[in-house]
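A short write-up of the structure that comes next.
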Amino acid sequence: MPELPEVETVRRALALHLPGARLAGVELRIDRLRNQLRSEELATRCVGQTIRAVRRRAKYLLVDFADGGGMILHLGMTGSLRVDPAGAEPLPHDRICWPLADGRVWRFNDPRRFGTVEVFADLAAAEPLRFAALGPEPLGETFTADYLHGALQGRSASVKSLIMDQRVVVGVGNIYASESLFRAGILPTRQGGRVGRAACARLVAEIRAVLAEAIDCGGTTISDFRAPDGSEGRFTIRLEAYGREGKSCVRCGEGHPIRRRVVAGRSTFYCPRCQH
DNA sequence: TTCTTAACCTGGAGGC
DNA sequence: TGCCTCCAGGTTAAGA
């Protein structure tokens, strides 16, 4: 599932292929993803544009056009982007295709249609409004123990639901929330306001470490995620909690299985012995 | 204001 | 083999 490491992996791959490319057309193979797709608006604002850069903010990809316009894309749960060579046939669930002037085709594939694609005439002007509610980047300098401790103060919701709240910190989804809390030794169900300053320091350090490690591994592939070159994320084999229900805790050893329960509506994996 | 839950959506797994 | 049900989860809206 695309969380920050997966989106960053996609961004890095697209940044090798798209800057300098000119969009020669746009083909909508469906009228809506999570948001309604306006074919005329997409065609008017995309066709003829040269891509200047591909950036990331939170779990969003930003595509800058040379004229100041651009697009904001979200991969949702099953979205993927790839640049096909000239002549390559579309795959099932390819929802939007952008033929490039050099013959290649940039394609957005999304089986479950939870992704979004928005186009703006002035991307720099749209960004502050579009992202006004987002919290800090977890790998940035402003995501500190003091910041997180302050953000959790007085909150009765579970710490897991709070670190997955994009207003608190961006980019952390279900997989990396479970992993970070496991490594930090914090029970996912603990109320946010009951997480002390020292525990917040451990959690910040582990969120940063887990995300950085996952980026180095090209993300995590559970079932759907693929990088633009088709490769799977290699962080999957490093998961210590997520998806390991019933298996021995890597810290406690034999006889102490990882448990699963639903927290904030999502499957959550934890060790009741070493997380408090 | 804060928190929880449901809805969106489709493919795959498992049960019968 | 075919049908049915459940599950996965990022985001957002609705309701408590």
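Mapping of the first sequence onto this note's numbering: residues 10 to 285, in sequence order.
All residues carry an ideal CB built from backbone N, CA and C; glycine is no exception.
Computed from a predicted structure; not experimentally measured.
Query	Result
How many angstroms separate the CA atom of Phe278 from the CA atom of Ala135?	38 Å
To test your reading of the DSSP string, which unbroken beta strand (DSSP E) runs of 3 or more residues are found completely within the segment 256-284?	262-266, 268-272 and 275-279
Classify Arg171 as helix, strand or coil using the three-state DSSP reduction.	Position check: residue 171 holds Leu in this sequence, whereas Arg was assumed. Residue state, collapsed to three classes: helix.
Thr18 and Gly227: beta carbons closer than 7 Å?	yes
Alpha carbon to alpha carbon, how far is Gly57 from Val128?	14 Å
Would you say Trp107 and Val16 are within 7 Å of each other, going by their C-beta atoms?	no
Rounded C-beta distance between Val213 and Thr151? I'm assuming under 8 Å.	Between Thr151 and Val213 the Cβ distance is about 11 Å, and since that is not below 8 Å, they are no contact.
Count the other C-beta atoms from every protein chain shown that fall within 10 angstroms of the C-beta of Ala186, then say buried if there are 16 or more, exposed otherwise.	buried
Can you have a look at Pro237 and say buried or exposed, based on whether 16 or more other CB atoms are within 10 angstroms of its CB?	buried
Would Met86 pass as a contact of Arg121 if the rule is Cβ separation under 7 Å?	yes
Tell me the DSSP bridge mates of Ser89?	Asn118
So, helix, strand or coil for Ile224, using DSSP?	helix
Residues bridged to Tyr69 by DSSP?	Arg66 and His83
Candidates Val181, Ala193 and Ala221: which alpha carbon is nearest Ala210's?	Ala193
Over the uninterrupted beta strand (DSSP E) stretch that includes Val179, give me the two end residues.	From DSSP, Val179 is part of no beta strand (DSSP E); its letter is neither H nor E.
If we ignore side chains and look at the alpha-carbon of each, how far apart do Tyr69 and Leu220 end up?	16 Å
Please identify the residue among Gly205, Arg47 and Asp73 whose C-alpha is closest to the C-alpha of Leu27.	Asp73
Using alpha carbons as the reference points, say which of Gly242, Arg217 and Ser165 lies closest to Leu190.	Arg217
Are the Cβ atoms of Gly201 and Arg164 separated by less than 7 Å?	yes
For Arg286, does the count of other Cβ atoms within 10 angstroms reach 16, so buried, or fall short, so exposed?	There is no way to answer for residue 286, as the model of the chain reaches only from 10 to 285.
Measuring straight from C-alpha to C-alpha, what distance separates Ala95 and Trp115?	10 Å
Leu42 to Leu143, Cα distance in whole Å?	22 Å
Assign Leu100 to one of two classes, buried (16 or more other C-beta atoms within 10 Å of its C-beta) or exposed (fewer than that).	exposed
Answer with buried or exposed for Ile39, where buried requires no fewer than 16 other C-beta atoms within 10 angstroms of its C-beta.	exposed
Ordered along the chain, which non-local residues of its own chain (more than five positions away) have a Cβ less than 7 Å from that of Gln175?	Ala67, Leu143 and Gly144
Looking only at its chain, what residues have a beta carbon closer than 6 Å to the beta carbon of Arg275, apart from the 5 residues adjacent to it on each side?	Asn183
By a C-beta neighbour count over all protein chains shown, 10 Å radius and 16 as the cutoff for buried, is Asn44 buried or exposed?	exposed
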